[in-house]
Amino acid sequence: MTEMPKKQLPGHIAQALAGAGGSTDSAGQPWAGRDLPAQEKYHNFDTDDGAMDAGFAAAMEALADGEGTEAHVIAALAQARVFIPIVAQLAEQTVGENGLVSDKESDMALVTLQGPDGRVVLPAFTHAEALTKWHPDARPVAVYAARAALSAVAEEAQLMVLDPGSPRPFVIRRPAMWALAQQQTWLPSYADAAVQNVLAQSVSALGNSAVLDISASVGQGIESQWGNKSTSHGQLVKGGGTGPELCVTITLLPGLDQHAVNSLLAQLQEYWAANEYFAHAVDSIQVRLRHPHPRT
């Protein structure tokens, strides 16, 4: 039998293998004197059992009981681990002369969704079971919530949704998502005095006496529907909805026609959009017009 010639390894690989098991590493540095712990910690979640973070679970229970707020939920999430789903995505394939597909290559890709309003959504899961039920073939990657929010920003997502398809989904709107990514405390726009100041300034800047009053309050868009085993219709909770989260109530001078109202609203909205703080703090707005009854 004729012996096949041996392949010559590239020089740098041959040198690395030659040093394996010797007194030095592949870079020629001596092993002696190094501190190599037997139990090295490879990542932050070595002992993770895949369960929901206890602090986050408590915040969600308080929200369900009407004692907590979505701000409390986001604050608890900032300290929690979540799972981001990664799936295989076909990158390249070759069709041979026989018509068969071969040499497939695939990459691992982050999953994003499209919301009903067209916005890009990043799904994340607070426990491994929720992810497996949602997509059995997805690979769960454990990260802190701040890292998940950074991934959402990188993917140009406008929303994050926690545990989609579960009885308790929770949507994180853009301002809260950005606050998580920057590891900053999130203050909802409807509870932010600075947002109320911008609204007041917008009326003053226009110099229009047709606006008698302007105020901010909680929008109905923050509400979300959760499944509840005790009822067939589920439970409406005040948090985790897609928006609008801010309700702006404008009291107008009686007697304005539709053209004047439309022009006034367009000017106000243009002012709000141009204000950097307002645009950063507010995700979506519901405008409510009030016309006081004239006194008799």
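Numbering (the UniProt record's numbering), first residue to last: 1 to 296. Even glycine gets a Cβ: it sits at the ideal position worked out from N, Cα and C. All values derive from a computational prediction rather than experimental measurement.
- Residues of the same chain with a CB within less than 6 Å of the CB of Q196, apart from the 5 flanking positions on each side, are A216 in chain order.
- Nearest neighbour of L77 by Cα position, chosen from V248, D192, A124, turns out to be A124.
- According to DSSP, residue pairing for K238 in a beta bridge involves E223.
- Where A216 is concerned, the enclosing beta strand (DSSP E) starts and stops at 211-218.
- Residue environment: D163 is assigned as buried (16 or more neighbouring CB atoms within 10 Å of its CB, all protein chains considered).
- Listed as beta-bridge partners of Q114 by DSSP are V120.
- Scanning P188, S204, G68, L253 for the CA closest to the CA of Y277 turns up P188.
- Contact annotation: I74 and L246 have beta-carbon atoms that are not nearer than 8 Å.
- Counting C-beta pairs with one atom in each stretch, the region 199-207 and the region 171-180 have fewer than three that are closer than 8 Å, which means they do not touch.
- Ranked by how close their Cα comes to the Cα of R81, the residues D137, A149, A138 have A149 in first place.
- A direct Cα-Cα distance of roughly 11 Å separates D49 from E129.
- With at least 16 other beta carbons inside 10 angstroms of its own, A145 counts as buried.
- Inter-residue distance for S263 and L113 is about 36 Å (C-alpha atoms, whole angstroms).
- Rounded to whole angstroms, the gap between the alpha carbons of A57 and P85 is 20 Å.
- R288 is classed as exposed because its beta carbon has fewer than 16 other beta carbons within 10 Å across all chains shown.
- Within 10 angstroms of the beta-carbon of H259 lie fewer than 16 other beta-carbons, which makes it exposed.
- When the five nearest sequence neighbours on each side are left out, the beta carbons in the same chain lying within less than 8 Å of the beta carbon of A210 are those of L252, L253, L256, A260, L264, in order along the chain.
- Rounded to the nearest angstrom, the gap between the Cα atoms of D117 and V248 is 21 Å.
- Exposed is the label assigned to G66, since fewer than 16 other Cβ atoms lie within 10 Å of its Cβ.
- By the 16-neighbour rule on beta-carbons within 10 angstroms, A281 is buried.
- Going by DSSP, P175 is part of the alpha helix (DSSP H) stretching over 174-181.
- Under the three-state reduction of DSSP output, Q158 falls in the coil class, being neither helix nor strand.
- Here the alpha carbons of A157 and G234 stand approximately 28 Å from one another.
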